[in-house]
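Enquirer: Starting off with a structure, shown below.
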Amino acid sequence: MELAKLVGEENAIVMYREYRGFQLNMPMRLVSSQHIRHIVETEYDGTNGEEIARFYGYTERHIRRLIAENNRGNQKKMEEKEHESN
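Going by full-length UniProt numbering, 34 is the number at position 34 of the sequence shown; the sequence numbering is gapless.
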């Protein structure tokens with residue numbers, strides 16, 4: 001797809017002037033592995049794992065793995081709190 005269609009003609013010109021002659025490499029994923037963990041913790045509602053995976057460019061399997069890790073961490077925290085109160 002043409003850059004001007006994606007970002008607009010003015011922005012394409014700005015990018016051209018700034019980066020002409022350079023080769024730009026774009027990351028495969030928009031957010032880091034660490035940040036996707038935070039996203040799963042804050043945005044996952046029990047039903048939207050597939051949506052999160054698709055939107056951020058991760059596999060559903062990876063997102064399910066992060067959800068499971070998050071659940072184990074939450075369970076451990078609850079057990080520690082319970083143990084402290086006894």
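We put the CB at the ideal spot given by N, CA and C, even for glycine.
What you are looking at is a predicted structure, and each value in this text was computed from that prediction instead of being measured.
1. My output table needs one value for residue 71: the three-state DSSP class, helix, strand or coil.
2. According to the Cβ coordinates, are residue 63 and residue 40 closer than 8 Å?
3. Roughly how many angstroms separate the alpha carbons of residue 72 and residue 55, rounded to a whole number?
4. Starting from the Cα of residue 47, find the closest Cα among 17, 67 and 4 and give me that residue.
5. Starting from the C-beta of residue 70, find all residues in its chain whose C-beta is less than 7 Å away, skip the five residues before and the five after it, and write them out in chain order.
6. Counting along the chain, where does the alpha helix (DSSP H) carrying residue 31 start and finish?
7. In whole angstroms, give me the CA-to-CA distance for residue 59 and residue 27.
Expert: Let me spell this out:
1. helix
2. yes
3. 25 Å
4. 67
5. 40 and 41
6. Premise fails: residue 31 is in no alpha helix (DSSP H) and is neither H nor E.
7. Using only the alpha carbons, I get a separation of about 15 Å.
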